[in-house]
Amino acid sequence: MDKSEQDALKKAAGIEAAKLVDNDMIAGLGTGSTVKFFVDELGRRVQEEGLHFTGVTTSNRTKAQAESFGIKIVDIDDVSHIDITVDGADEVDQNFNGIKGGGAALLWEKIVATNSDRIVWIVDESKVVDTIGRFPLPVEVIPFGVQHVITRFKNRGYDPTLRVDAEGTPIHTDEKNFIVDLHMNRIDHPQDLAEDLITTVGVVEHGLFLNMVNTVIVGDPRGPRVLTNSNK
Ligand code: 5RP
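Put into structure tokens, the structure is as follows:
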């Protein structure tokens, strides 16, 4: 699949998900290139259809995009709950276990997701996999002592790399932390790995989102396909 085909599938999924946001809702807005299409469509609905809702964003990037359309964005601590959150994902398997954080926003994404009544992911079909882990698993780590955390991950066979930008400088998350990507290739026991990561001192959060999502909208060349998680 070339990039323009993939973008068309992402856009179709984003437009489909935007139909789920109704007047007066509090909606969590995810992060990434697929979510960008979703927010574009919400912006169009706000401007052309008079849609009015309040947004809580998972990154400063999404906040800037949403506000450019006049969408009202508030702090997560200014709302008591979130009706629905629409976000992207890097991989998702048939048990609705997924990897997120390719865009380095996993911490805020997980906080927003955890406080949402309904979670919807929008993906193109290449993200639906049998076993998660081919996509490097992002882990958010505080800068102090990061090399020691990396050494621990190496010793456990997780093949870690510190995420850097084109100049080789470590990238910072919106919380000014670092991202360490784990090149596991396949993750057969995601619950065990999640437990191991979150109990490692210095780790703030990881990109394993296990059985959190309610609905996945898959951009498919025949039209968006909806997968429903019956275990939620
Ligand atoms: C950002 C994320 C993104 O939602 C995920 O990386 C998917 O991004 P894209 O839609 O660009 O493929 O988790 O932290």
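Using the numbering used here, you'd call the opening residue of the sequence shown number 1227 and step up by one each time. Glycine included, C-beta positions come from ideal geometry on N, C-alpha and C. All of these numbers come straight from a predicted model, not from anything done at the bench.
* Asked: Is the distance from the Cβ of Gly1296 to the Cβ of Gly1256 below 7 Å?
  -> no
(request) Tell me, please, whether the segment 1265-1281 touches the segment 1242-1255 by the rule of three or more beta-carbon pairs shorter than 8 Å. (result) yes
(message) In whole angstroms, give me the CA-to-CA distance for Ile1358 and Val1318.
(response) 7 Å
For the alpha helix (DSSP H) that contains Ser1352, what are its first and last residues? Ser1352 -> no alpha helix (DSSP H), and no H or E assigned at all.
*In its own chain, which residues sit with a C-beta less than 6 Å from the C-beta of Pro1369, not counting the 5 before and 5 after it?*
Hits under 6 Å: Phe1404.
Check: Assuming Asn1411 and Asn1437 make a contact with CB atoms under 8 Å, what is their CB distance in whole Å?
Finding: The Cβ separation is near 22 Å, so there is no contact.
Q.
What residue range does the alpha helix (DSSP H) around Thr1340 cover?
A. 1332-1340
Tell me the DSSP secondary structure of Leu1277 in three-state form.
coil
- Query: Which value, in whole angstroms, describes the spacing of the CA atoms of Glu1421 and Thr1454?
  - Reply: 26 Å
Relative to the C-alpha of Ala1249, which candidate in Thr1280, Thr1260, Gly1449 has its C-alpha closest? The sequence given here has Asn at residue 1249, not Ala. Comparing Cα positions, the closest option is Thr1280.
Q | Cα-Cα separation between Gly1394 and Thr1387, rounded to whole angstroms | A | 12 Å
Are there 16 or more other CB atoms within 10 angstroms of the CB of Gly1383, so buried, or fewer, so exposed? exposed
task = Consult DSSP for Val1247 and reduce its assignment to one of helix, strand or coil.
result = Per DSSP, reduced to three states, the secondary structure at Val1247 is coil, with no helix or strand assignment.
**OP:** Name the residue from Ala1239, Val1427, Val1390 whose alpha carbon lies nearest to the alpha carbon of Val1312.
**Re:** Ala1239
Between which two residues does the alpha helix (DSSP H) containing Arg1287 stretch?
1286-1294
Residues that Asp1313 bridges to, as DSSP identifies them | Beta-bridge pairing links Asp1313 to Trp1347.
**OP:** With DSSP as the reference, label Phe1435 as helix, strand or coil.
**Re:** strand
Q) When DSSP labels each residue in this structure, what does Ala1239 get in the three-state scheme? A) Helix, per DSSP.
So if DSSP puts Thr1387 in a beta bridge, which residue, or which two residues, is it bridged to?
Asp1407
Exercise. For Ala1243, is the beta carbon positioned less than 6 Å from some heavy atom of the ligand 5RP?
Worked result: no
Practice task
Please state whether DSSP places Pro1447 in a helix, a strand or coil.
Solution key: coil
- Residues near Asp1233 in its chain [Cβ-Cβ closer than 7 Å; skip 5 each side]: Its chain contains no residue whose beta carbon lies nearer than 7 Å to that of Asp1233 once the 5 sequence neighbours on both sides are disregarded.
Exercise. Check whether the Cβ of Lys1326 lies closer than 6 Å to any heavy atom of the ligand 5RP, and answer yes or no.
Key: yes
query: Would you say Leu1332 touches the ligand ZN, meaning its beta carbon is less than 6 Å from a heavy atom?
result: Among the ligands present in this structure, namely the ligand 5RP, the ligand ZN is not found.
Top-ranked residue by Cα proximity to Pro1364, from Val1354, Asp1303, Val1406, Ile1413: Checking every option, the nearest Cα to that of Pro1364 belongs to Val1406.
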